[in-house]
Each structure stands twice: as C-alpha cells, then as structure tokens.
Amino acid sequence: MTTDAENDAKPWLFPDPRAVGVREHYQRVKFFRELAERCPDAASKFRLHLAGIYSARGVVELILEAAAKGELKNTRNELKKRLCAQIHWYDLIERIRIHDFHRFGLIPPDPRLRVMMQRGPVKLRAQKGAAIYRIPVTGPEKVTTGNSHIEEQRPLLNRDGQFFDDATRQYVSLDQILRDFLSSAVEAVNELEQNLGPINEPS
Numbered sequence: 005m006t007t008d009a010e011n012d013a014k015p016w017l018f019p020d021p022r023a024v025g026v027r028e029h030y031q032r033v034k035f036f037r038e039l040a041e042r043c044p045d046a047a048s049k050f051r052l053h054l055a056g057i058y059s060a061r062g063v064v065e066l067i068l069e070a071a072a073k074g075e076l077k078n079t080r081n082e083l084k085k086r087l088c089a090q091i092h093w094y095d096l097i098e099r100i101r102i103h104d105f106h107r108f109g110l111i112p113p114d115p116r117l118r119v120m121m122q123r124g125p126v127k128l129r130a131q132k133g134a135a136i137y138r139i140p141v142t143g144p145e146k147v148t149t150g151n152s153h154i155e156e157q158r159p160l161l162n163r164d165g166q167f168f169d170d171a172t173r174q175y176v177s178l179d180q181i182l183r184d185f186l187s188s189a190v191e192a193v194n195e196l197e198q199n200l201g202p203i204n205e206p207s
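In our numbering, the protein residues as written are 5 to 207.
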C-alpha cells in the first residue's frame, strides 16, 4: 500500500482518456488534411477533407463533454462561448458536419459544372408584410416587413465545393477550414490536457 505522498512523487503513467481522445482527433485532422494534399483526385480530396471536418468537430464535442461532466472549472455554455471565439470557423464546421451526417449528405463537386446549393430548412413566415430570402453570389440576404420573420435551422450554402461563412460573409474551402482549425484549436487541446491531468499509477 502506497501513501498519497509516494504516489505524488511517482511519474504519471496513464493520461486522462478524454484528453487522449481529443489529441487523437486533432491528429486525425492533420492526417486527413495531409492525405488530401497528396491526393490528385478531386472527389477523394473532398472526402478526406470531410473526414477531417468530422474529427475537428470531435475535438470540440469531447471538450464540451468534459465540461458537461463537471471535469473542468467552466460550465458547458461558458466553454462553448470561449471556443466559439477561439476556434476559427467553429460554427461553419458544426453546420457542415450536421448537414453531412443528419440531413442529406454532401457530395464532391463536379469540376465540369458550376453549382450553388442552399441547404435548409429555412422557413418564411409572412404576417402583415413580406418575408424575402434571396441567395445572390455574395451570400444570403434576408428582408422582412410588418410582423414577418424568417426561421433558419443552421442553413448551409456551398458553391463549387466552397462553403459560405455567415460571420465573415465569404466562401472558404474545406482545406482552409482545416488549416485554420489546426492553428487555432491547438491551444484548447493543450489546455484540456493540462486541466484534466494524467491518472496516477494505481496503488
């Protein structure tokens, strides 16, 4: 039987499993992006990038789950606000993953075609006025009059393989999203590892 002092003096042997999972997802983002860079086929490149998007969202979900389970000092909502400000394309990554996994799925762009597609749902509620939802090349535009309103449930607009970001009003490629995610999320990954800490050797 070892004392607490003896345990504290021993090297850490077992890292926290959630921290390991977050780091693994982060490494997968790098892995899929690097594979996509070397892939000459546009469709395969798109699919590898999407796999990276899934793991990028996995990083966020596992960090938020740690907060929800009381493993961190911040609440889930507090941490979500912080991650939204810290991680580039946070909202866009979430939308891409939701539409690909829960709605209709995303398909690789066809280089022979120029395609713009808006995915909803978007509901127009006209009441003593008008509700107008336009999608020019520059991105969605919304106009309401009277008591009318527009209900959006994480819509996603993509054009020739690029996705529209509401916050910056620009189209971005999956590669840029992953590249910026890797540079902006590394601090959150490191901080999670520091806060959770490893598991001591069992006595």
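Note that the Cβ used here is the ideal one computed from N, Cα and C, for glycine as well.
Quick caveat, the model's predicted, so the values are computed rather than measured.
Point to revise | Beta-bridge pairing of T148 - partner residues as DSSP gives them | key: Position 144 of the sequence shown, counting from 1, holds the residue named residue 148. Partner(s): A135.
**Study point:** Anticipated Cβ contact below 8 Å, L200 with R22, distance rounded
**Key:** By 1-based counting over the sequence shown, the position of residue 200 is 196. By 1-based counting over the sequence shown, the position of residue 22 is 18. The pair is a contact, with the Cβ atoms about 6 Å apart (cut-off 8 Å).
Exercise for review: For P15, name the three-state secondary structure that DSSP assigns.
Suggested key: As a first step, residue 15 must be located in the sequence shown, where it is residue number 11. Reliability fails at P15, whose pLDDT of 48 lies under 50, so the model's placement of it is uncertain and no value is given.
Practice item. Output yes or no for whether 8 Å exceeds the beta carbon distance between D169 and H53. Key: The residue you call residue 169 lines up with position 165 of the sequence shown. The residue you call residue 53 lines up with position 49 of the sequence shown. No. Outside cutoff.
Review point. Hey, which unbroken runs of the alpha helix (DSSP H) at 4 residues or more fall wholly within the stretch 19 to 77?
Key: 21 to 41, 46 to 72
Point to revise | Range of the contiguous beta strand (DSSP E) that encloses L161 | key: As a working mapping, residue 161 is identified with position 157 in the sequence shown. Unbroken beta strand (DSSP E) run through L161: 160 to 163.
Practice item. Note down the Cα distance separating P112 from R37, rounded to an integer number of angstroms. Key: Here residue 112 corresponds to residue number 108 of the sequence shown, with the count starting at 1. Here residue 37 corresponds to residue number 33 of the sequence shown, with the count starting at 1. The alpha-carbon atoms of P112 and R37 are separated by roughly 16 Å.
Exercise for review: Kindly indicate which residue of P115, L76, A55 has the alpha-carbon position closest to the one of E197.
Suggested key: Within the sequence shown, the letter at position 193 stands for residue 197. That would be L76, whose Cα lies nearest to the Cα of E197.
Review point. Can you give the beta carbon distance from L160 to R118, rounded, assuming they're within the 8 Å contact cut?
Key: Within the sequence shown, residue 160 is the residue found at index 156, counting from 1. Within the sequence shown, residue 118 is the residue found at index 114, counting from 1. Actually they do not touch by this definition, with Cβ atoms about 18 Å apart.
**Study point:** Cβ neighbours of K127 in the same chain (closer than 6 Å, five flanking residues each side left out)
**Key:** Translated into the one-based positions of the sequence shown, residue 127 becomes position 123. Result list for K127: E155, in chain order.
Point to revise | Distance between P144 and G133 (C-alpha atoms, nearest Å) | key: For this step, residue 133 is matched to residue 129 along the sequence shown. For this step, residue 144 is matched to residue 140 along the sequence shown. Roughly 20 Å between the two C-alpha positions.
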